[in-house]
Structures are given as structure tokens and as C-alpha cells.
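Q: Encoded as C-alpha cells, here's the structure I'll be asking about.
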């Protein structure tokens with residue numbers, strides 16, 4: 020018991036000094052277990068490769084240009100989908116949040132389509148657009164759109180009406196109230212929606228690439244199944260997790276904190 | 318403005334910016350290095366050329382598919398891909414990937 024406490028204290032000291040380690044240390048037991056099982060030869064190497072095999076596959080695929088190219092394709096698709104999703108979602112969310120009539124008209128439609136999952140659209144999208152970029156972009160935009168719209172509506176509705184009234188009574192135009200009161204107040208929620216939407220979009224992208232893609236990380240993983248290359252499938256899974264961790268923890272979460280602190284409304 | 322200074326102050330922000338800058342520099346280097354990989358024998362006035370693209374490894378399906386957008390892949394061997402009907406204006410794009418070592422005329426009987 021005492022030893023456990025000492026280990027925990029050491030861990031706490033270490034992670035306080037180097038906070039980056041807090042994200043790496045929990046993976047050490049997972050890696051150790053994975054190495055032990057693969058080295059023990061419980062399963063054939065072709066079915067259960069070890070971490071060293073995955074690292075080798077990473078360097079080989081990078082050397083051959085396959086991994087960077089597929090990664091770039093996936094990231095560009097996600098960025099395009101996110102940009103279009105935001106361009107549609109934020110104005111739509113602001114409209115629904117600010118207008119009762121728009122809310123009455125759009126809300127049931129929004130909830131109806133939200134219930135139809137992104138992958139459920141695939142059969143009809145394949146008939147309409149075929150196996151191509153349009154189908155993939157549609158699915159990502161669709162996935163990103165709902166969290167952005169719903170969170171934007173929530174953000175707009177959470178801005179105290181008194182602030183808008185105060186600005187109006189001081190002579191601000193409606194456009195200025197929207198730009199300087201409503202949008203800054205709703206921004207933390209918008210960023211939260213974008214963060215959630217991108218997370219869902221990333222997962223949807225991989226699924227779509229597996230089904231309709233001819234490039235991308237999802238395609239790489241699914242194509243590896245054809246060749247029976249377990250190591251490439253594992254590499255794809257690790258890249259997905261790592262990349263999303265970096266995007267979320269290093270870009271989206273700080274952005275969310277920064278906008279929340281800076282523009283979040285303090286009503287107390 | 319303050320977000321930009323926040324990003325510059327945080328170590329994560331600096332790492333992300335550093336990676337983006339390194340990627341941009343790498344892309345610039347690829348663009349600048351591409352003409353140097355194209356053989357002088359390919360100079361001429363015809364609109365299209367047949368080229369042999371040298372790689373440091375055996376080409377896979379990915380590489381064949383990548384070049385199909387520029388011309389007709391007529392064959393591969395141990396370390397190269399034969400591409401026919403490539404527009405001269407596309408030669409730099411063909412030579413641009415870092416895994417292309419050289420682009421030259423097709424070696425007949427090779």
C-alpha cells in the first residue's frame with residue numbers, strides 16, 4: 020500500500036513537472052501488454068503483430084509516400100467538410116436561435132434529420148453521386164452540421180436578452196447587436212459544437228472512406244484487409260487515435276477555453 | 318490578436334505552428350526540386366511525351382493510380398513506371414512527389 024502511494028506521488032510529481040507526460044504514461048501499460056502478448060507467440064504474428072512491426076510499417080509506408088498522401092487526403096476532406104458545415108451551420112443556428120418563426124419551422128425538421136444517421140444516407144448518396152468525393156463531402160458536412168447548429172442555437176438562446184435590450188437602448192442597430200453581443204456570447208457554444216462535430220465527422224469520414232473511398236486512412240485500412248495486412252490496419256487505428264488526440268487536445272480544446280474565457284458571458 | 322499571442326506563448330501552439338511551417342517548407346522544397354528530376358532529353362516542342370518514372374522501390378498499386386491522372390501507365394518494372402501521353406505542362410507535377418527520384422524518356426527494350 021505504501022509502495023503504491025509512493026509510486027502515485029512520483030507520478031504526480033513527474034506529471035506536474037512535465038505535463039506532456041500525463042498523456043503518454045497511461046499508454047505504457049497498454050504498450051507493455053501488447054508487446055508481451057505478441058512476443059509470447061500466443062497468436063500468429065500475421066494476425067497479431069507487435070508494436071515494433073507497426074512502427075516498421077509506419078516508416079515503410081511513409082518512405083513509399085502512401086501514408087502521407089492518404090493522411091493528407093483525409094485531413095483535406097475533414098477540413099472541407101468542417102468549413103462547409105460551419106458555413107451552413109452557424110448562420111442557420113443563429114437564425115433559429117434569434118427568430119421564433121424560424122425556430123418553429125426548422126426545429127422539427129432538424130430533429131427529424133438528426134435522427135437519420137450519416138451512414139444511413141450512403142445508399143441513396145451512392146445512387147445520386149456515385150463512389151466519389153461528393154458523397155464523402157456530403158456525409159462529413161451532414162455529420163458536422165447538426166452539432167454546430169444545435170450548439171449555436173443553445174449559445175444564442177443562452178445570451179441574456181437584457182444585454183441585447185441594453186445595446187438596443189444605447190442606439191446599437193440589430194446587426195451590431197448580433198455581431199457584438201449575440202455572436203460573442205454564443206461563441207463558446209459554437210466552438211463546443213464544432214469540436215463535437217469534427218469528432219463525429221472524423222469517425223464518419225473513416226467509415227465512408229472504407230465504403231466509397233479510393234484514398235484516405237479509412238481506405239488504407241480497408242484495403243489492407245484485402246492484402247491480409249493486419250499491421251497496416253493497426254497502424255491506421257493508431258494514427259486515427261493519435262491524430263484526433265492532437266487535433267482535439269492541442270487545437271480545439273485550447274480554442275474552446277480561449278474563446279470561452281475571452282468571450283463567454285459573465286452574467287453574475 | 319490576443320489569441321495569436323496566446324498561441325505563440327503556449328508550447329503546444331508553438332509545436333503546432335512549427336509542424337505547419339515545416340510542412341510548408343517541405344512543400345516548397347518539393348516544388349523547387351521537381352524540375353531538377355526531369356531529364357534534359359525530355360526537352361522538346363511536342364505537346365505530349367512518354368516518360369519513365371524512377372522510384373527507389375518497387376511500385377505498388379498506389380503509385381500506379383497516382384500517375385494515372387497524368388497519362389497512361391503502360392508498364393512497371395523493379396524500380397520504375399512507364400507513363401505515356403504525359404502533357405509537358407504536367408511533367409513537374411509528375412516529378413514533384415518526394416518518392417520520385419527521376420523522370421526520363423522511356424528506355425526502349427528496358
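Residue numbers (my numbering), protein chains in the order written: chain A, 20 to 287; chain B, 318 to 427.
Backbone N, C-alpha and C fix where the C-beta goes; we use that ideal spot for every residue, glycine too.
1. Does any C-beta atom of chain A lie closer than 7 Å to the C-beta of residue 424 of chain B?
2. Which class does residue 393 of chain B belong to by DSSP, given the choice of helix, strand or coil?
3. Which of the three DSSP states is assigned to residue 401 of chain B in this structure?
4. So the alpha helix (DSSP H) residue 135 of chain A belongs to, where does it begin and stop?
5. With DSSP as the reference, label residue 110 of chain A as helix, strand or coil.
6. Cutting at 6 Å between CB atoms, please list the residues of its own chain near residue 389 of chain B, excluding the five before and the five after it.
7. Does residue 85 of chain A have its Cβ less than 7 Å from a Cβ in chain B?
8. If you run the structure through DSSP and keep just helix, strand and coil, what is residue 419 of chain B?
9. State yes or no: is the C-beta of residue 213 of chain A within less than 7 Å of the C-beta of residue 167 of chain A?
10. Looking at the C-beta of residue 286 of chain A, does it have a partner C-beta in chain B at a distance below 7 Å?
11. Using CA coordinates, which residue listed in B:406, B:415, B:420, B:335 is at the minimum distance from residue 363 of chain B?
12. Please list, in chain order, the chain B residues whose beta carbon lies closer than 8 Å to that of residue 270 of chain A.
13. If you scan the region 78-123 of chain A from start to end, which runs of the alpha helix (DSSP H) of 4 or more residues do you find wholly inside it?
14. Between residue 188 of chain A and residue 257 of chain A, what straight-line distance do the alpha-carbon atoms span, to the nearest angstrom?
15. When you compare the CB of residue 101 of chain A with every CB in chain B, is at least one pair closer than 7 Å?
16. Residue 366 of chain B bridges to which residues according to DSSP?
A: According to the data block:
1. Chain A contact via Cβ: absent.
2. strand
3. Strand, per DSSP.
4. Neither: residue 135 of chain A is in no alpha helix (DSSP H) and is coded neither H nor E.
5. helix
6. 401, 402
7. yes
8. strand
9. yes
10. Only weak support exists for where residue 286 of chain A lies, its pLDDT of 46 falling under 50; the coordinates are left without a value.
11. The shortest Cα separation from residue 363 of chain B among B:406, B:415, B:420, B:335 belongs to B:406.
12. 333
13. 85-117
14. 55 Å
15. no
16. Bridge partners of residue 366 of chain B: B:403.
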